[in-house]
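Asks:
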């Protein structure tokens, strides 16, 4: 959607004449800059939209990765209780105790920074809450009569797990994922802000804030705009998560 | 009680050892060579090899690990590859800054957050809705961005508060109250940033917990006994709602330390987080390892404290063996 709403920032050429224009101004080419321009004369609104593609994409993909890992670990631990379950739960608790940002900093700085690395790193450090949730749900569901009857009918256990148990355990996962997307977008922005995430000139909200930091005195709008966008998206993700929970989980209905 | 606590403490120790071990192998498997950074790009292969030998990097990784662990446990943390300063001195100079920042913001954000959440849950109505919008927004604010905005307003526009470091250039010449005031002025912005964000999460959680407890049977009985609404709220609702809040306190410690890493980077706060960020960039193995061990220990100790506080607040948890709760 971004190309429809703004000119691709890489197509802009004239740097000097359009530097540091405040929001709502028109440069002498007649181009209107809703949110002003940055120190290279690039339109902040355009950068924001193209950055949204990167930031939202990274956030969603990272959460998808954590959901896949978390569901696999949690379901296996809840279904095959006993030694497998204990080992997987121990692993989850250990991973939960790891200081996440420390790990993020190390992983992100030790390899060449890129959007793909950020997705992998965020996904690998974010699956534990999902695993905990799924484990609890699967354990409770495994004792329910419809599962026992499926087992009694001779359905093989992987099929029982995938067809009968997991679809019923999805609700808390959807809620946690909605909340997780907001969190992942914030962390992506944090890593990019420290220069360890998405690398300029590819815009992401984090490196947009970081680049605005240097020009905070004479062009405060450069750092303000992506931050406001970030807050709005995270608020939206939080409210969405709450709404989904209220809708799907009967125990939260009042 | 004591036995359960000792068992938790041992588990915590295992976590610290696990984190440190994982980190040790991760940083050595990753590309990047501290010796290369030290001798510079123009060095001959012989110079690089002798530098690697001097740092002990030419030996097999498991051997490096045992040597490092043995020395670390005995208190010999080595010296920084990048600066040559002893690591223990660097860390012991830095951790009070981190603990004071994180600890103060924890206390402040829980006090304010509990008050806000309690007001929301008891008053309800339009005030509740307004405060909900505020707390969700605070919760969604990225720390580094909020920090920048505060710097913009209070340092560049109002010229009221300093944005960098923990003390002014003239701090060594100040005495008594002036010195304290200087410290507080430098603390104000980073502390405000961390605290504001903390308030959002705490208030949301307290509000939810109090609404859950409000309809419990014992609260109805307390009301039926004719206790005043204030007494019911403070003694019967808030007290029970605080149990999950204390658990949250323990769980939020890692996140708070993580957040402090960004805040320290922005405000040039001389804490463990900033040392870590700089050391990671310079592949400064001994410093990374020490900072990792210290921050992992702080997190584990914080969790243990929160668990002990939960047991103190909820007598039901004391008798049970851990793990069952």
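Residue numbers (the numbering used here), protein chains in the order written: chain A, 872 to 1125; chain B, 9 to 333.
All C-beta atoms in this analysis are idealised placements derived from N, C-alpha and C, irrespective of residue type, glycine included.
As the structure is a prediction and not an experimental result, all values here were calculated from the model.
1) Give the residues of chain A in contact with residue 300 of chain B, contact being defined as C-beta atoms less than 7 Å apart.
2) Anything in chain A within Cβ reach of residue 293 of chain B, meaning under 9 Å, just list it in chain order.
3) Mind checking which residues open and close the alpha helix (DSSP H) that includes residue 186 of chain B?
4) Here's the rule: buried if 16 or more other CB atoms are within 10 angstroms of the residue's CB, otherwise exposed. What is residue 272 of chain B?
5) Can you grab the Cα-Cα spacing for the pair residue 922 of chain A / residue 246 of chain B, in whole Å?
6) Checking contacts by CB at 7 Å: is residue 1118 of chain A closer than that to chain B?
7) Among the residues of its own chain, which have a CB less than 6 Å from the CB of residue 27 of chain B, if the five just before and after it don't count?
8) Within 8 Å, do at least three Cβ pairs link the segment 1026-1043 of chain A to the segment 999-1012 of chain A?
9) Let me check understanding here. Comparing Cα to Cα, which of A:964, A:920 and A:953 lies closest to residue 941 of chain A?
10) With a threshold of 7 Å between beta carbons, is residue 1080 of chain A in contact with chain B?
11) Quick test of your reading: residue 267 of chain B and residue 229 of chain B, contact by CB under 8 Å. State the CB separation rounded to the nearest angstrom.
12) Between the Cα of residue 919 of chain A and the Cα atoms of A:1106, A:1098, A:1118 and A:1065, which residue gives the shortest distance?
13) Are the C-beta of residue 1055 of chain A and some C-beta of chain B separated by less than 7 Å?
14) Shorter than 7 Å from the beta carbon of residue 958 of chain A to some beta carbon of chain D?
15) Can you find a C-beta in chain B that's less than 7 Å from the C-beta of residue 1043 of chain A?
16) Closer than 8 Å is the cut-off here; do at least three beta carbon pairs connect the segment 83-101 of chain B with the segment 283-299 of chain B?
17) Name the chain B residues whose beta carbon is nearer than 8 Å to that of residue 932 of chain A?
18) Kindly indicate which residue of A:1060, A:973 and A:1073 has the alpha-carbon position closest to the one of residue 263 of chain B.
19) Quick one: what's residue 908 of chain A bridged to in DSSP?
20) Quick one: what's got a C-beta closer than 6 Å to residue 990 of chain A's C-beta in the same chain, skipping five residues either side?
21) Could you please give me the residues that DSSP links to residue 903 of chain A through a beta bridge?
22) Give a yes or no on whether the C-beta atoms belonging to residue 105 of chain B and residue 278 of chain B are separated by under 7 Å.
23) From the beta carbon of residue 106 of chain B, is the nearest beta carbon of chain A less than 7 Å away?
24) Quick one: what's got a C-beta closer than 7 Å to residue 226 of chain B's C-beta in the same chain, skipping five residues either side?
25) Is residue 237 of chain B helix, strand or coil by DSSP?
26) Is it the case that the Cβ atoms of residue 1060 of chain A and residue 1101 of chain A are separated by a distance below 7 Å?
27) Taking the continuous alpha helix (DSSP H) assigned at residue 160 of chain B, which residues delimit it?
28) Going by DSSP, which residues form a beta bridge with residue 87 of chain B?
29) Should residue 14 of chain B go down as buried or exposed, given a rule of 16 or more other Cβ atoms within 10 Å for buried?
30) Could you check whether the segment 109-117 of chain B touches the segment 194-202 of chain B, counting it as contact only if at least three pairs of C-beta atoms, one from each stretch, sit closer than 8 Å?
31) Answer yes or no: the CB of residue 1003 of chain A versus the heavy atoms of the ligand COA, is any distance below 6 Å?
32) Select from the segment 141-156 of chain B all residues with a C-beta closer than 9 Å to any C-beta belonging to chain A, and list them in chain order.
33) Given a cut-off of 7 Å, decide if residue 1106 of chain A and residue 29 of chain B are closer than it, judged by their beta-carbon atoms.
34) Are at least three pairs of beta-carbons, each pair with one atom in the segment 1042-1049 of chain A and one in the segment 120-134 of chain B, less than 8 Å apart?
35) In chain order, what residues of the same chain lie with their CB nearer than 6 Å to the CB of residue 31 of chain B, ignoring the 5 residues before and after it?
36) Can you say whether residue 209 of chain B is buried or exposed, counting buried as having 16 or more other CB atoms within 10 angstroms of its CB?
Replies: A quick look at the data gives this:
1) The contacting residues are 973.
2) Correct list: empty, because the minimum Cβ distance to chain A is about 11 Å.
3) Per DSSP, residue 186 of chain B belongs to the alpha helix (DSSP H) from 184-222.
4) Residue burial is scored here from C-beta neighbours: residue 272 of chain B has at least 16 other C-beta atoms within 10 angstroms and is therefore classed as buried.
5) When only Cα atoms are considered, residue 922 of chain A and residue 246 of chain B end up about 44 Å apart.
6) Chain B contact via Cβ: absent.
7) These residues qualify, in order along the chain: 304.
8) Result yes; three or more Cβ-Cβ pairs closer than 8 Å.
9) Among A:964, A:920 and A:953, the Cα nearest to that of residue 941 of chain A belongs to A:964.
10) Closer than 7 Å: yes.
11) Contact between residue 267 of chain B and residue 229 of chain B is absent: CB atoms are separated by about 41 Å, not below the 8 Å threshold.
12) Residue 919 of chain A has its Cα closest to that of A:1098, out of A:1106, A:1098, A:1118 and A:1065.
13) No, no contact with chain B.
14) Considering every chain present, this structure includes no chain D. Its protein chains are A and B.
15) Not an interface residue.
16) Yes: at least three Cβ pairs fall under 8 Å.
17) None at all; the shortest Cβ gap to chain B is about 19 Å.
18) A check of alpha carbon separations from residue 263 of chain B across A:1060, A:973 and A:1073 identifies A:973 as the nearest.
19) For residue 908 of chain A, which the question treats as bridged, DSSP gives the partners A:914.
20) Excluding residues within five positions, the ones whose Cβ falls inside 6 Å are 929, 932 and 933.
21) Answer by DSSP bridge pairing, in chain order: A:897.
22) Contact flag set, yes.
23) By this cut-off, residue 106 of chain B is not an interface position.
24) Close CB contacts of residue 226 of chain B within its chain, under the 7 Å cut and outside five residues either way in sequence, are with 244 (chain order).
25) DSSP places residue 237 of chain B in helix when its eight states are reduced to three.
26) The answer is yes: Cβ separation under 7 Å.
27) That residue, residue 160 of chain B, is in no alpha helix (DSSP H); it is neither H nor E in DSSP.
28) Residue 87 of chain B is bridged to B:94.
29) That one is exposed.
30) Flag = yes, the segment 109-117 of chain B and the segment 194-202 of chain B touch.
31) What this structure holds is no ligand at all, so the ligand COA is not there to describe.
32) With the criterion set as a beta carbon lying under 9 Å from some beta carbon of chain A, the members of the segment 141-156 of chain B are 141, 144, 145, 147, 148, 149, 150, 151, 152, 153, 154 and 156, in sequence order.
33) No, Cβ-Cβ distance for residue 29 of chain B and residue 1106 of chain A is not below 7 Å.
34) By the criterion of at least three beta-carbon pairs nearer than 8 Å, the segment 1042-1049 of chain A is not in contact with the segment 120-134 of chain B.
35) Excluding positions up to five away in sequence, the list reads 300.
36) It counts as buried.
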